[in-house]
Each structure stands twice: as C-alpha cells, then as structure tokens.
C-alpha cells in the first residue's frame, strides 16, 4: 500500500472537488453554449430593443398565470408552454381558411367591407369578421400601423370572452411571450365594433355582420409591436 | 329637442354644419380625455381651431407618456370610419366623434406613424389630415 501524503486529498474530498468542477464547467459552458436559443435584437419604434427569440406563444391571462405557476415549480419554459398548448383548441391555419367574402377590387386591393378569411367565433359565440378596412380601420390598419401581421394572433384573442364591453365596443386582451423566456411578456389588445353601420361611408355592412375588428395593438412599453410577436 | 339617430336621415349633418361645431367637438375631446382610459396614455396640451380655405381643422397637440410632442390634425367635419352615434343631437355626435379621436387616434400607440411625423418649427411631430399618414 502506497502511503498517502499528508496534503493529498481524501477520496471524499476528491468527490466533492469533482462535483464543484463539474458544476463550474456546466455554468461556464452554459454561458457560451450554442444550444441556447438564438437571440437577436429587434428595434422597435419606441427606441427600445427586445430580444428576438426563436418563436413566441400567445396566452390568455389565465394561461399566463398557469404557465408562471408551473415555471415557479421548476418546470422549464418549454414544458410549461407545452402543457398549455395541449389543453387549448387549435386554430385553423389562415392559409387553409375559407376565403368566402374576399372580393378583390379590379385594382387588386380589397375593399373596405371585404372579410379577411372567415369570421371568428369568440368565447361567447359572436361572429367577428376582420375586414380589409382602410388605414384607419381593420386589417389594413393593424398591419400597416401596428405591425401585427399574423392573423393567428387575432384568432387566439377571440378564443375567449371579451375582457371588457364598453357600449358597442368589445375588448379582448391577451399576452404574447417569448417561448424561451417567460419573463418577456407583451400584452396585446383587440377592439371590436359590434355595430353594422358606418356613418362615414353612409352604408350598412353588405353581409349583415357587425363591422368587426377595429384594431389590434401591443400595450405598454412599445409603440410598435416587435416583429417576434408574429412568429407564432 | 332630442332626435333618435336614424342612418337614413341626415340630421347628423346638421350637427356638423353648425357654426359652433368645432368648439363643441373640441370641448367633447377635452371631456373624453379626462374621462376615458386609453391604451397609450397622453397629456392633452392644446386644441386650436384653424380655418383653412378647404374647411375648418382641429389641431390637437398632445404628448404621449414618455414621448415628445405630437400633433393630430382632424378635419372638423370628418367622421370616424366605423359605427354611428345613438342619436343625432349635436352633443351626442360630438361625444361620439370625440370618443373615437381619444380612443383610437390620440390614445392608441403611434406604431409606424412615429417614423413619418412631419416636424414643425417647435419640434411637434404632426400627422392626420393633409400629412403623409392619415
């Protein structure tokens, strides 16, 4: 048996050292790991920059509470979001939705009353059309002014009951979170006009439905929705 | 006399043709600003009524929270793109138009418009009727 030097570590100390070195290596490697979600910065009109993740997820207020609770209990963001996805109804992809009602004008630009895709049914059973509109109303405004270009966001907002009803206007609130970082949460709101008459145009909606989606915008912190919210 | 609004008649046009209509609308905007919660809070600085050869305009100067001065020019006889007031008394029409302006014009995030504002000598960035963004 080889006599052990007085300063040589005991097997127990060696095990402890190994654990410490392994933990330090893990932390160090994690800082530079390519396995981390790719993060880029997307400037917004307000001068803020927000991390751009590989994707984003839409959540209702209730979903957000559940996800945060699961995450606080030690679940990873991906696992917490997956548990929400499993329990909610799917949306029909815009590309496969009915285009009934879409009547392009000869110039190729849709008219004010044109219904984009099929009307959505909200959590209370209301049929809500999203019309082509113009720069002050509807899908044209939503895309050109607020930077919301993914109709799925609008569909998701309507999969619940209105958050608020003010006269003839309905508000639907929701949140978009980065799928890799639950701390980045962007509140989103849709406003719906339930009347079917436009005083400016002097006519009622030709299809008999309400005017529908007035606008969709991001709340608080940014004046323009960042690009990543459309990466659903 | 209170008249129930009927889209078929044009009683609302009488409201817009009144001489005091711009003042009525300006007062309604001030009132709505004080009473309505909006998505992007702002401070209302001033509303100037400006007669031009092609009509009368409301030049609304406001300051979005945390931002610089912004101006919104609104043609006094313009009406919102969607909906209609419940009745056509001048006051009701003014309230309805003012609510639209406060909720969806002044109290909404500027979005891409922020990059296309036209600056005046005071540094106020303008948008609205007659400017690149409607």
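Protein chains in written order, with the numbering used here: chain A, 1400 to 1631; chain B, 14 to 147. Note that CB positions come from ideal geometry on N, CA and C, so glycine has one too. Predicted model, so just to flag it, every value in this text is computed and none were measured.
Start-to-end residues for the alpha helix (DSSP H) that takes in residue i
i, result
"residue 1582 (chain A)", "Unbroken run through residue 1582 (chain A) is the beta strand (DSSP E), 1580-1592; no alpha helix (DSSP H)."
"residue 48 (chain B)", "34-48"
"residue 1479 (chain A)", "1476-1485"
"residue 1556 (chain A)", "1550-1556"
"residue 1469 (chain A)", "1460-1471"
"residue 118 (chain B)", "Per DSSP, residue 118 (chain B) belongs to no alpha helix (DSSP H) and is neither H nor E."
"residue 76 (chain B)", "That residue, residue 76 (chain B), is in no alpha helix (DSSP H); its beta strand (DSSP E) goes 68-77."
"residue 1575 (chain A)", "No alpha helix (DSSP H) contains residue 1575 (chain A), which is instead part of the beta strand (DSSP E) from 1568-1577."
"residue 108 (chain B)", "103-113"
"residue 1537 (chain A)", "1537-1545"
C-beta contact flag for residue i and residue j at 8 angstroms
i, j, result
"residue 75 (chain B)", "residue 88 (chain B)", "no"
"residue 1591 (chain A)", "residue 1568 (chain A)", "yes"
"residue 107 (chain B)", "residue 37 (chain B)", "yes"
"residue 55 (chain B)", "residue 77 (chain B)", "yes"
"residue 1513 (chain A)", "residue 1531 (chain A)", "yes"
"residue 45 (chain B)", "residue 121 (chain B)", "no"
"residue 1482 (chain A)", "residue 1469 (chain A)", "yes"
"residue 115 (chain B)", "residue 42 (chain B)", "yes"
"residue 1629 (chain A)", "residue 1536 (chain A)", "no"
"residue 1594 (chain A)", "residue 97 (chain B)", "yes"
"residue 1631 (chain A)", "residue 1551 (chain A)", "yes"
"residue 1529 (chain A)", "residue 1515 (chain A)", "yes"
"residue 105 (chain B)", "residue 99 (chain B)", "yes"
Residue i burial status per 10 Å Cβ neighbour count (16 or more: buried)
i, result
"residue 1597 (chain A)", "buried"
"residue 60 (chain B)", "buried"
"residue 118 (chain B)", "buried"
"residue 28 (chain B)", "buried"
"residue 1479 (chain A)", "buried"
"residue 110 (chain B)", "buried"
"residue 1607 (chain A)", "exposed"
"residue 1566 (chain A)", "exposed"
"residue 1625 (chain A)", "buried"
"residue 1473 (chain A)", "exposed"
"residue 1495 (chain A)", "Unreliable positioning characterises residue 1495 (chain A) in this predicted model, as indicated by a pLDDT of 46, which lies under 50. A coordinate reading is not provided."
"residue 1555 (chain A)", "buried"
"residue 1448 (chain A)", "For residue 1448 (chain A), the predicted model reports a pLDDT of 45, less than 50, meaning its position is unreliable; a value from the coordinates is still stated below. With fewer than 16 other Cβ atoms within 10 Å, it is exposed."
"residue 1619 (chain A)", "exposed"
"residue 138 (chain B)", "buried"
"residue 1664 (chain A)", "This structure cannot speak to residue 1664 (chain A), because chain A is shown only from 1400 to 1631."
"residue 33 (chain B)", "exposed"
"residue 1422 (chain A)", "Its pLDDT being 39, under 50, residue 1422 (chain A) is placed unreliably in this model, and the value from its coordinates should be taken loosely. Exposed, because fewer than 16 other Cβ atoms sit within 10 Å of the Cβ of residue 1422 (chain A)."
"residue 140 (chain B)", "buried"
"residue 1518 (chain A)", "buried"
"residue 1579 (chain A)", "buried"
Whole-Å CB distance - residue i paired with residue j, under 8 angstroms assumed
i, j, result
"residue 1601 (chain A)", "residue 1458 (chain A)", "Not confirmed; about 41 angstroms, so no contact."
"residue 93 (chain B)", "residue 1599 (chain A)", "6 angstroms"
"residue 1553 (chain A)", "residue 1615 (chain A)", "6 angstroms"
"residue 1577 (chain A)", "residue 1522 (chain A)", "The pair is not a contact, with the Cβ atoms about 25 angstroms apart (cut-off 8 angstroms)."
"residue 1581 (chain A)", "residue 1617 (chain A)", "Contact doesn't hold; Cβ gap of about 17 angstroms is too wide."
"residue 103 (chain B)", "residue 136 (chain B)", "With a Cβ gap of about 36 angstroms, residue 103 (chain B) and residue 136 (chain B) do not count as contacting."
"residue 1544 (chain A)", "residue 142 (chain B)", "Incorrect: roughly 16 angstroms between the Cβ atoms, too far for contact."
"residue 84 (chain B)", "residue 72 (chain B)", "6 angstroms"
"residue 123 (chain B)", "residue 1622 (chain A)", "5 angstroms"
"residue 1611 (chain A)", "residue 1541 (chain A)", "Not a contact, Cβ separation roughly 11 angstroms."
"residue 62 (chain B)", "residue 39 (chain B)", "6 angstroms"
Extent of the continuous beta strand (DSSP E) run through residue i
i, result
"residue 84 (chain B)", "83-88"
"residue 1610 (chain A)", "Premise fails: residue 1610 (chain A) is in no beta strand (DSSP E) and is neither H nor E."
"residue 1565 (chain A)", "1563-1565"
"residue 1517 (chain A)", "1514-1520"
"residue 61 (chain B)", "55-65"
"residue 1454 (chain A)", "Neither: residue 1454 (chain A) is in no beta strand (DSSP E) and is coded neither H nor E."
"residue 1528 (chain A)", "1526-1530"
"residue 140 (chain B)", "138-141"
Chain-ordered residues of the segment 1549-1576 of chain A with a beta carbon less than 7 angstroms from chain B: 1567
Between the segment 1585-1619 of chain A and chain B, which residues of the former have CB atoms less than 8 angstroms from a CB of the latter, in chain order? 1588, 1590, 1592, 1594, 1596, 1597, 1598, 1599, 1600, 1601, 1603, 1610, 1613, 1614, 1616, 1617 and 1618
Determine which residues of the segment 93-122 of chain B have a Cβ less than 7 angstroms from any Cβ of chain D, and write them out in chain order. Given the protein chain composition of this structure (A and B), no chain D is represented.
Anything in the segment 1513-1545 of chain A with a Cβ closer than 8 angstroms to a Cβ of chain B? List those residues in chain order, please. 1532, 1533, 1534, 1535, 1536, 1543, 1544 and 1545
Note down, in chain order, all residues in the segment 129-142 of chain B with a beta-carbon under 7 angstroms from any beta-carbon belonging to chain A. none
Closer than 8 angstroms, Cβ to any Cβ of chain A: which residues of the segment 49-67 of chain B, in chain order? 52 and 53
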